[in-house]
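The opening position of the sequence shown corresponds to residue 326 in the numbering used here, with each subsequent residue numbered one higher.
Even glycine gets a Cβ: it sits at the ideal position worked out from N, Cα and C.
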Amino acid sequence: MSLRDQIVSLEALAAIDAELRRLEDQLTEERGILANLKSELRTLDEKLSVDRTSVTEMEKTRNELTTEMRQMTTQIEQAMQRSQLVIFVVCGAIALLMLLAAVWLAILFASRLTEPIGGLMLAADGTLAVLEFNCRFGDPEAQALLPVLPGITRHLAEIAAGRWRPRETALAATRAAVATVLAAPGYPDQPELGAAIIVPRDVEPGTLVFHAGTERDPDGGLRVHGGRVLTVTGLGDTVGEAARRSTDACELITFSGKTYRRDIAWRETREARAGAARG
């Protein structure tokens, strides 16, 4: 490994360290929100002692705040645990690549720290095992991420040509994206193949359809040729808008036995609605 490659790898580690610091700052901010909730609870307790006429309503509000406080406490604790696990795994993988002087020109996906960690297994005794790394451009993870990264076309071209030398330590997503997989009936064990696929031309702008398990028949028609048939990615200024576009396009695309999840991004849209309700 050249000195320049080692410097790039060290910059990657520095970027991960900076991300961890940013997450710690975010957690500190959330602790401040938690402290405000506790202050509101104390205020409600004081009101309960002097104004018994609205005691029922205030007790209801107090219970709601108490539940929200407990949920936020749990989320903070889980986020801290996940951040430690992800940083441990990612830093370990990068350190090993550096030790082996391996040339790595690809993308290594790590889960969002606020989400359940995919690809990892935690044993009862606390031992951490890595089940898999997602690193293919054909994965739904890539089909959600790549369309919202600025300048990604240049990065992909340089990776393909073997001359990629990143000049940025991070690329900030410019929009939200939600990707939904359309699967064949029987997936994943015994997918049924051969069904005709119709992809209408009037899908809403801001919608991308990625082909995976498809083929052309002798007449030029589109047919199911795999378990994961299509990935439909919706783009938008918010996760809710992106999710709606993805779902709308999934409903328009037709083939026999079409199967897809309708709860993609439910957690993000729920949190966005909760935040709007709190004002």
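Tell me which residues share the same chain as residue i and place their Cβ nearer than 8 Å to its Cβ, disregarding the 5 neighbours each side in the sequence.
i: Ala360; result: none
i: Thr499; result: Val473, Leu474, Pro475
i: Thr579; result: Ile522, Ile523
i: Glu483; result: Trp489, Arg490
i: Gly551; result: Ala509, Pro516, Leu518, Ala537, Gly538, Thr539
i: Ala449; result: none
Using three-state DSSP, classify residue i as helix, strand or coil.
i: Arg548; result: strand
i: Phe462; result: coil
i: Ala425; result: According to the sequence displayed, residue 425 carries Leu and not Ala. Three-state DSSP puts Leu425 in coil, outside helix and strand.
i: Ala284; result: Residue 284 lies beyond the stretch modelled for the chain, which goes from 326 to 604, so this question has no answer here.
i: Ile341; result: helix
i: Ile523; result: strand
i: Val528; result: coil
i: Thr494; result: coil
i: Ala454; result: strand
Please report the straight-line C-alpha distance between residue i and residue j, rounded to a whole angstrom.
i: Phe413; j: Thr539; result: 38 Å
i: Arg367; j: Thr391; result: 11 Å
i: Pro510; j: Glu576; result: 16 Å
i: Glu349; j: Leu533; result: 35 Å
i: Leu425; j: Ala340; result: 21 Å
i: Arg479; j: Ala485; result: 10 Å
i: Val503; j: Gly559; result: 5 Å
i: Gly357; j: Gly519; result: 56 Å
i: Phe462; j: Lys385; result: 50 Å
i: Arg586; j: Thr505; result: 7 Å
i: Asp464; j: Pro516; result: 18 Å
i: Gly531; j: Asp588; result: 20 Å
i: Arg679; j: Thr353; result: The structure shown does not extend to residue 679, since the chain spans only 326 to 604, so no value can be given for it.
i: Arg569; j: Arg595; result: 14 Å
i: Leu438; j: Pro543; result: Bear in mind that a pLDDT of 44 at Leu438, under 50, signals an unreliable position, so the number given afterwards is only what the model happens to contain. Near 47 Å, if we compare the C-alpha coordinates of Pro543 and Leu438.
i: Ala537; j: Arg548; result: 11 Å
i: Thr399; j: Val554; result: 38 Å
i: Leu605; j: Trp591; result: The first residue shown for the chain is 326 and the last is 604, placing residue 605 beyond what the model contains.
The alpha helix (DSSP H) that contains residue i, what's its start and end?
i: Ala568; result: 564 to 577
i: Ala448; result: No alpha helix (DSSP H) contains Ala448, which DSSP labels as neither H nor E.
Quick one: what's got a C-beta closer than 7 Å to residue i's C-beta in the same chain, skipping five residues either side?
i: Gly546; result: Ala521
i: Lys583; result: Leu507
i: Arg387; result: Leu366, Leu369
Using a Cβ-Cβ cut-off of 6 Å (strictly less than) and excluding sequence neighbours within five positions of residue i, which residues of its own chain qualify?
i: Leu470; result: none
i: Val333; result: With a pLDDT of 48 at Val333, under the threshold of 50, the predicted position of this residue should be treated as unreliable, and no value is reported.
i: Thr556; result: Pro465, Gln468, Ala504, Val506, Phe535
Start and end of the beta strand (DSSP E) containing residue i?
i: Arg541; result: 539 to 541
i: Ala504; result: 501 to 508
i: Thr556; result: 553 to 561
i: Phe535; result: 532 to 536
Check: Per the contact definition of three or more C-beta pairs closer than 8 Å, is the region 519 to 539 in contact with the region 477 to 495?
Finding: With the cut-off at 8 Å, the region 477 to 495 and the region 519 to 539 do not touch.
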